[in-house]
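Below: one structure, written as structure tokens.
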Ligand SMILES: Nc1ncnc2c1ncn2[C@@H]1O[C@H](COP(=O)(O)OP(=O)(O)OP(=O)(O)O)[C@@H](O)[C@H]1O
Ligand SMILES: [Mg+2]
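This is the structure we're talking about:
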């Protein structure tokens, strides 16, 4: 149970607002990882997040689908508060079933793919549509076939994940998330566990996707950011210290810390 | 001067003659049935206890800890006597006989199987928990991010993977179980070992009879080892788990 204060600006949420985070704080023990983080993402926007290791990028993503609880603040996705409900001016944590339902609409792609090794590619993709959405197997399968064609892996549908390369696994993981028809996709360093020659194939899929779905992507792939991002955020020590367009950021970073960080990753 | 009574030995070893004796026949059947049933119940209890041990709810964890502590910390022989004789005198449950058509399940058999199962559950709890903890936490996160609840993720994603980790130690538990059923003799449940003590009381041929009993147990455990190797090999094939040790290694390595 959480006893947080009332949201300050719920009324500002309109239907084009997919994510709204308001003054989110999060600590692990005595370590404060997110400090008053506020963020708005609109429909079809693609937001790339960069920042040094340990700055809180993953934690921010994980708070957005409530894989982590927050200490204070509010996060709304599609106008609904994530993980909490309000009663009498106080916030309480949602029931497990409701949290699960909220997460079903938010796709997440992990650095280490996290495919289910005991299931085939096809089974990985239809698992949640069938068992969470209660869709028919036939419908889920035909949807999955389309998704697999899209990520170029139709012929791998009956393989197990350990029979695929890293790049292929990550493309399956993206298809698995898309099979739930999410309104928002979160990517946590989707290419940083890949061999260099496989990064391109995953980024190509993501660039394609960026045209039609709202995405928040933690990634230091600046080529992707330039090509696909509407906005780029720089997080340092738990604060968003830059929120601008890629062009702006590369041409003229506002903060000295951003400049220093960019020179490191762009070398 | 001792001489080996071949007639007695063959009579009780050779199934067509041995199984004419209802003690041997029922004893053999009971040993196999009790092993299978007690092990199955033990796995079920083990899964429940393992999940309780990993629960967020402290009272549930405490209960599971208490269960494992008691049943691993006291002899099975005591637990079995306690359950059958102890519970009997309290009139909480007297273990009446059950009749299913021509089959009668005596109270002693029920109590024996129950004690074996509850005891086994305490050991399985640790095995199941280790199996679950061997699974990458990323699996639970991926399942949750797809909208699964904890229960659904356990059932569909975590436990099927943990099963592969659990199978080898589970096989060894079952091997032990078949031998441990002999403790049911203390409540006269009538399994294989008890059958041979009864026959021995009549004809007094302890050397021959307990040798035969040993051979029956060896037969059961050896057949099981073969089955276990098969199961593990087929599990390993699909998932690329390390190959299970061969038959001979398994028999003589003494897990
Ligand atoms: N479950 C946890 N328990 C304790 N500390 C944690 C936990 N998760 C993250 N942290 C700490 O919080 C800080 C922020 O972690 P986070 O994973 O969000 O960083 P990040 O920006 O994603 O870094 P990286 O680029 O290395 O992935 C780190 O110092 C990390 O050690
Ligand atoms: Mg991270």
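Chains as they are written, first to last, in my numbering: chain A, 4 to 270; chain B, -9 to 245. Beta carbons are placed, not taken as given, at the ideal position from N, Cα and C, and that holds for glycine. Remember, it's a predicted structure, so these values are computed and weren't measured experimentally.
**Asked** Just by C-beta distance, which residues in the stretch 124 to 139 of chain A are closer than 8 angstroms to chain B?
**Response** 130, 131, 134, 135, 136
**Message:** Is it buried or exposed, residue 125 (chain A), if we count other Cβ atoms within 10 angstroms and call 16 or more buried?
**Reply:** To locate residue 125 (chain A), count along the first chain from 1; it is residue 122. Looking at its Cβ environment, which holds 16 or more other Cβ atoms inside 10 Å, residue 125 (chain A) is buried.
**Item:** Secondary structure of residue 51 (chain A), DSSP reduced to three states
**Value:** Locating residue 51 (chain A) in the first chain gives position 48, where the first residue counts as 1. Strand, per DSSP.
**Prompt:** Rounded to a whole number of angstroms, what is the C-alpha to C-alpha distance between residue 48 (chain A) and residue 64 (chain A)?
**Reply:** To locate residue 48 (chain A), count along the first chain from 1; it is residue 45. To locate residue 64 (chain A), count along the first chain from 1; it is residue 61. Each residue's alpha carbon lies about 16 angstroms from the other.
**Message:** Just verifying my parser: in three-state terms, what is the DSSP assignment at residue 197 (chain B)?
**Reply:** Here residue 197 (chain B) corresponds to residue number 207 of the second chain, with the count starting at 1. Correct three-state label for residue 197 (chain B): helix.
**Message:** Residues in the same chain with beta-carbon distance under 7 angstroms from residue 62 (chain A), minus the five sequence neighbours each way, listed in chain order, please.
**Reply:** Taking the first residue of the first chain as position 1, residue 62 (chain A) is located at position 59. Same-chain partners within the cutoff: 29, 36, 37, 71.
**Message:** Determine, for residue 147 (chain B), whether the minimum Cβ-Cβ distance to residues of chain A falls below 9 angstroms.
**Reply:** Counted from its first residue, the second chain places residue 147 (chain B) at position 157. Taking Cβ atoms only, chain A reaches closer than 9 angstroms to residue 147 (chain B), which makes this a yes.
**Contact set, ligand 1 heavy atom to C-beta under 5 angstroms** = A:31, A:36, A:56, A:57, A:58, A:59, A:60, A:61, A:62
**Message:** Can you tell me whether residue 161 (chain A) is helix, strand or coil according to DSSP?
**Reply:** For the purposes of this step, residue 161 (chain A) is taken as residue 158 along the first chain, with counting starting at 1. Looking at residue 161 (chain A) - three-state DSSP - the assignment turns out to be coil, as it is neither helix nor strand.
**Prompt:** For residue 178 (chain B), which three-state DSSP category applies?
**Reply:** Position 188 of the second chain, counting from 1, holds the residue named residue 178 (chain B). Note: residue 178 (chain B) maps to coil in three-state DSSP.
**Item:** Counted within 10 angstroms of its Cβ, other Cβ atoms place residue 183 (chain B) as buried (16 or more) or exposed
**Value:** For this step, residue 183 (chain B) is matched to residue 193 along the second chain. Buried, because 16 or more other Cβ atoms sit within 10 Å of the Cβ of residue 183 (chain B).
**Message:** Assuming contact is defined by CB atoms lying nearer than 9 angstroms, are residue -2 (chain B) and residue 193 (chain B) in contact in what I supplied?
**Reply:** Locating residue -2 (chain B) in the second chain gives position 8, counting from the first residue. Locating residue 193 (chain B) in the second chain gives position 203, counting from the first residue. Yes, the pair counts as a contact, with Cβ atoms nearer than the cut-off.
**Asked** Cβ of residue 83 (chain A) less than 9 angstroms from any chain B Cβ?
**Response** Taking the first residue of the first chain as position 1, residue 83 (chain A) is located at position 80. By this cut-off, residue 83 (chain A) is not an interface position.
**Prompt:** Who are the neighbours of residue 55 (chain A) on chain B, taking C-beta pairs under 8 angstroms?
**Reply:** Sequence index remark: in the first chain, residue 55 (chain A) carries index 52 (1-based). Per Cβ cutoff of 8 angstroms: no residues; residue 55 (chain A) is ~23 angstroms from chain B at best.
**Prompt:** Under three-state DSSP, which class holds residue 257 (chain A)?
**Reply:** Within the first chain, numbered from 1, the residue matching residue 257 (chain A) stands at position 254. Note: residue 257 (chain A) maps to coil in three-state DSSP.
**Prompt:** Can residue 84 (chain B) and residue 131 (chain A) be called in contact, C-beta distance under 9 angstroms?
**Reply:** Counted from its first residue, the second chain places residue 84 (chain B) at position 94. Counted from its first residue, the first chain places residue 131 (chain A) at position 128. It is not a contact, given that the beta carbons lie outside the stated cut-off.
**Request:** Just the chain A side, please: which residues come within less than 7 angstroms of residue 137 (chain B) by C-beta, in chain order?
**Result:** As a working note, residue 137 (chain B) is residue 147 in the second chain. Near residue 137 (chain B) (Cβ distances below 7 angstroms), the residues of chain A are 103, 104, 106, 107, 131, 135, 183.
**Whole-Å CB distance - residue 43 (chain B) paired with residue 119 (chain B), under 8 angstroms assumed** = On the second chain, position 53 is the one that residue 43 (chain B) refers to. On the second chain, position 129 is the one that residue 119 (chain B) refers to. That belief holds up - the Cβ atoms of residue 43 (chain B) and residue 119 (chain B) are roughly 6 angstroms apart, short of 8 angstroms.
**Prompt:** Is the beta carbon of residue 187 (chain A) less than 9 angstroms from the beta carbon of residue 235 (chain A)?
**Reply:** As a working mapping, residue 187 (chain A) is identified with position 184 in the first chain. As a working mapping, residue 235 (chain A) is identified with position 232 in the first chain. Going by C-beta atoms, residue 187 (chain A) is not nearer than 9 angstroms to residue 235 (chain A).
**Item:** As assigned by DSSP and simplified to three states, the class of residue 232 (chain A)
**Value:** As a working note, residue 232 (chain A) is residue 229 in the first chain. Reduced to three states, the DSSP call for residue 232 (chain A) is coil.
**Message:** Residues of chain B with CB closer than 8 angstroms to the CB of residue 70 (chain A), please, in chain order.
**Reply:** The count along the first chain starts at 1 and reaches residue 70 (chain A) at position 67. 131, 134, 135, listed in chain order.
**Request:** From the DSSP output, in three-state form, read off residue 195 (chain A) for me.
**Result:** Translated into the one-based positions of the first chain, residue 195 (chain A) becomes position 192. Residue 195 (chain A): coil per DSSP, three-state reduction.
**Below-9 angstroms beta-carbon distance, residue 226 (chain B) vs any chain A residue** = In the second chain, counting from the first residue as 1, residue 226 (chain B) sits at position 236. With respect to chain A, the C-beta atom of residue 226 (chain B) has no partner C-beta closer than 9 angstroms.
**Message:** Among B:100, B:90, B:58, B:50, whose alpha-carbon lies nearest the alpha-carbon of residue 71 (chain B)?
**Reply:** In the second chain, the residue the question calls residue 71 (chain B) occupies position 81. Residue 71 (chain B) has its Cα closest to that of B:100, out of B:100, B:90, B:58, B:50.
**Request:** Return no unless some Cβ of chain A is closer than 9 angstroms to the Cβ of residue 154 (chain B).
**Result:** Working through the second chain from its first residue, we reach residue 154 (chain B) at position 164. Yes, its Cβ sits closer than 9 angstroms to a Cβ of chain A.
**Prompt:** What is the residue span of the alpha helix (DSSP H) that residue 46 (chain A) lies within?
**Reply:** The residue you call residue 46 (chain A) lines up with position 43 of the first chain. From DSSP, residue 46 (chain A) is part of no alpha helix (DSSP H); its letter is neither H nor E.
**Prompt:** Does any residue of chain A bring its CB to less than 9 angstroms from the CB of residue -5 (chain B)?
**Reply:** For the purposes of this step, residue -5 (chain B) is taken as the residue at position 5 of the second chain. No, residue -5 (chain B) lies away from the interface with chain A (no Cβ there is under 9 angstroms from its Cβ).
**Message:** In the DSSP output, what is residue 27 (chain A) paired with across the bridge?
**Reply:** Here the question's residue 27 (chain A) lines up with position 24 in the first chain. Its beta-bridge partners are A:40.
**Beta-ladder partner(s) of residue 90 (chain B), from DSSP** = The residue given as residue 90 (chain B) occupies position 100 in the second chain. Answer by DSSP bridge pairing, in chain order: B:93.
**Request:** Flag residue 221 (chain A) as yes when its Cβ comes closer than 8 angstroms to any non-hydrogen atom of ligand 2, and as no otherwise.
**Result:** Against the first chain, residue 221 (chain A) aligns to sequence position 218. The answer is yes for residue 221 (chain A).
**Message:** Taking the alpha-carbon of residue 136 (chain A) as reference, which of A:80, A:22, A:103, A:222 has the nearest alpha-carbon?
**Reply:** The count along the first chain starts at 1 and reaches residue 136 (chain A) at position 133. If we check each option's Cα against that of residue 136 (chain A), A:103 comes out closest.
**Asked** Within 8 angstroms: the Cβ of residue 173 (chain A) and any heavy atom of ligand 2?
**Response** In the first chain, the residue the question calls residue 173 (chain A) occupies position 170. No, Cβ of residue 173 (chain A) sits at least 8 angstroms from all heavy atoms of ligand 2.
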